[in-house]
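Quick note on numbering: my numbering labels position 365 of the sequence shown as 365, and the sequence is numbered without any gaps.
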Amino acid sequence: RNNAEKFEFQAEVSRLMDIIVNSLYSNKDIFLRELISNASDALDKIRFLSLTDKEVLGEGDATKLDMQIKLDKEKKILSLRDRGIGMTKDDLIKNLGTIAKSGTSAFVEKVQSSGDLNLIGQFGVGFYSVYLVADYVEVVSKHNDDKQYVWESKADGAFAISEDTWNEPLGRGTEIRLHLRDEAQEYLEESKLKELVKRYSEFINFPIYIWASKEVDVEVPADEDDSGDEEETADKTSSEEGEDEDAEKGEDEDTEKKPKTKTVKETTYEWEVLNDVKAIWLRSPKDVTEEEYIKFYHSLAKGFGDEKPMAWSHFTAEGDVEFKAVLYVPPKAPHNLYDSYYKSKSNLKLYVRRVFISDEFDELLPKFLSFLKGIVDSDTLPLNVSREMLQAHGSLKTIKKKLIRKALDMIRKIAEEDPDESSGKDEKEVEKSSDNDEKKGQYTKFWNEFGKSIKLGIIEDASNRNRLAKLLRFESTKSDGNLTSLDKYISRMKPGQKEILYITGTSKEQLEKSPFLERLKKKNYEVIFFTDPVDEYLMQYLMDYEGKQFQNVSKEGLKFGKDKTNKELKESFKELTKWWKGVLTTNKVDDVKISNRLDNTPCVVVTSKFGWSANMERIMQAQTL
Ligand code: ADP
Ligand code: MG
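Right under this line is the structure:
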């Protein structure tokens, strides 16, 4: 086109597109899910703006917040139109090509190694999945602040943008036209599209229409010289439709006089709605099936393959602050959960009375629970205020508090329902059902994916510290290679043992050889192994549990009950300790003491009670280097 401006894709985007175009990935269906999810986001945005400014919606058809699918079999075009916020010329340039999302290169790497494109939506580059099925794509868009533009590209490293002077005006919104590849013609079949919308987009909160064909019987004037044969065929057709009575009547009349009309099949088109927009969270939990919860999760998580969430919780909060919520524990931690922990955003979608407000509302959940997914729909928050005012609203604190409680309950339940967790205790009580098979090992799985979040929670959230400590898992000198908990530790404590004993280090193997454990092992005390760097920080915050103090066995203060030999030993080695103190001048050690904590090893260096452990020194050194 002569008025087209040409642009090059940003290098990472271009690489991604090459991969998509040449991909042998068989699940090409995902492109529709991505397009519908973008349309839904765009509709959410305009609806949000309309809360404070009704004018933005315009009038007539433009006020209908929906999306429409059309299939053009002759031109081989699949199009999806939405009445969302639309894109200005600048938006088109930036969003669809010149600025790569932060996750793009991580995703390119991942796809190159796994070939799996399913997670594309999570990396903020879902749009480009259109090139799985199309070799040429046009995006027509109209934003309130700009004229209508067309973006187009054949995925050849470049795209063009032109002011739209030839298409029908959209009013507002976006229409994506996919010129389908020869091998993707199946996406011109209505039945295929209907099936895909059902599968992937059932929980989209806006109606999705398809321009659907329908075979109808129409009465047309019968030709004067029609032969009797043809009339019979017409009668037959209508009797197949179950109108036997009429057909018989027709026959009766037929013997009397010639009919003036006949019935023929004709194809007409009409908009058919494909989804039921009743929000799942408004329904009563007992009416929602497991399958529906799983599907809803997949719609929120933007495609995690077929993996089930580990757990979910659907509840209504009543009282001063009313809201409904569905929370999920995902099957896996996202790829960068702990790399950018302090930058991570909450994954909850906030609605106010069914209207989507934001999915970047950090006031809803603390950082350590940002791995959860779900939605919160509040009846108490005001609708017609700015986001900033909402963020400052008092009831958010109450919502947050309740969400944390419910989230921790949900996680605790994963442990309670996991037969592995109760093994060794009430083994008889664990029923052997298939349900149990599914739940077996779930908590270990949870712990491996999200355990660090629980630890960070203990550090950050003093008010829930005890609840979180209950969820803590670790190995110990008695756990036999399995994970164990503080409650189980306490149940195994020796009579008279007052403290919970632990040791920190780089690995279990290293710690097992530690001289600090010699005597403890011999005396049959259990010692917890903490081997994650975060554990050092954790233990600065976790002072006690169920009224029992923690004691690092490599620090001073370890007591073995009353030991009578101690006094005599001290006396007889007095000279030696004095000599040692002289050799190790005061700035090397604080003190030299006789101790009964060792068995074979002659001496160890112990750190002071309130100072850093040797392991902490190591961690700090590694960090400053
Ligand atoms: P994501 O949806 O994760 O942001 P996509 O690659 O799917 O990533 O889309 C890129 C961007 O393009 C979106 O963030 C949005 O700004 C814009 N966009 C895509 N489709 C539409 C649409 N139908 N209406 C308005 N903007 C859109
Ligand atoms: Mg998207």
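The beta carbon of each residue, even a glycine, is placed where N, CA and C say it ideally should be.
The criterion of a C-beta distance shorter than 8 Å is satisfied by Tyr541 and Ile458. Contact between Leu337 and Phe368 does not hold, since the beta-carbon distance rounds to 11 Å and is not under 8 Å. DSSP places Leu486 in the helix class (H, G or I) of the three-state scheme.
The beta carbon of Val21 lies closer than 6 Å to those of Tyr131, Ala155 in the same chain, with the five residues before and after it left out. The three-state secondary structure of Asp420, taken from DSSP, is helix. Pairing Thr506 with Asn615, the inter-Cα distance amounts to about 8 Å. Just measuring C-alpha positions, the residue of Val264, Ile619, Thr268, Phe356 sitting nearest Asp532 is Ile619. Set against 7 Å, the gap from the CB of Asn95 to the closest heavy atom of the ligand MG is not smaller.
The three-state reading of DSSP puts Gln10 in coil, since its state is none of H, G, I, E or B. Taking a cut-off of 8 Å on C-beta distances, the segment 10 to 20 does not touch the segment 134 to 152, as fewer than three cross pairs fall below it. In the three-state DSSP reduction, Gln68 falls in the strand class (E or B). Contact between Glu526 and Leu501 is confirmed by a C-beta separation of about 7 Å, below the 8 Å threshold. Contact between the segment 45 to 54 and the segment 158 to 169 is absent: fewer than three C-beta pairs spanning the two stretches fall below 8 Å. By the criterion of at least three beta-carbon pairs nearer than 8 Å, the segment 406 to 422 is not in contact with the segment 376 to 395. For Asp41, the shortest separation between its Cβ and any heavy atom of the ligand ADP lies below 7 Å.
Using a 10 angstroms sphere on the CB of Gly86, the tally of other CB atoms reaches 16 or more, which defines it as buried. Looking at Ser595, Glu307, Trp579, the one whose alpha-carbon comes closest to that of Glu438 is Glu307.
Restricted to the segment 17 to 77, the alpha helix (DSSP H) segments that are unbroken, complete and at least 4 residues in length are 30 to 52, listed in chain order. Looking at Leu180, Glu360, Phe9, the one whose alpha-carbon comes closest to that of Val125 is Phe9. Annotation for Thr88: His143, Asp145, Asp146 place their beta carbon closer than 7 Å to its own, counting only its chain and skipping 5 residues before and after. Taking the Cα positions, Ile280 is about 8 Å away from Phe296. For Asp135, the enclosing beta strand (DSSP E) stretches over residues 134 to 142. Annotated as distal: Leu348 and Val329, with beta-carbon spacing of 8 Å or more. In the displayed model, Asp276 falls within coil according to three-state DSSP, outside both helix and strand. Closest by C-alpha distance to His393, out of Leu403, Glu568, Ser378, Leu180, is Ser378.
No heavy atom of the ligand ADP is found nearer than 7 Å to the CB of Ile36.
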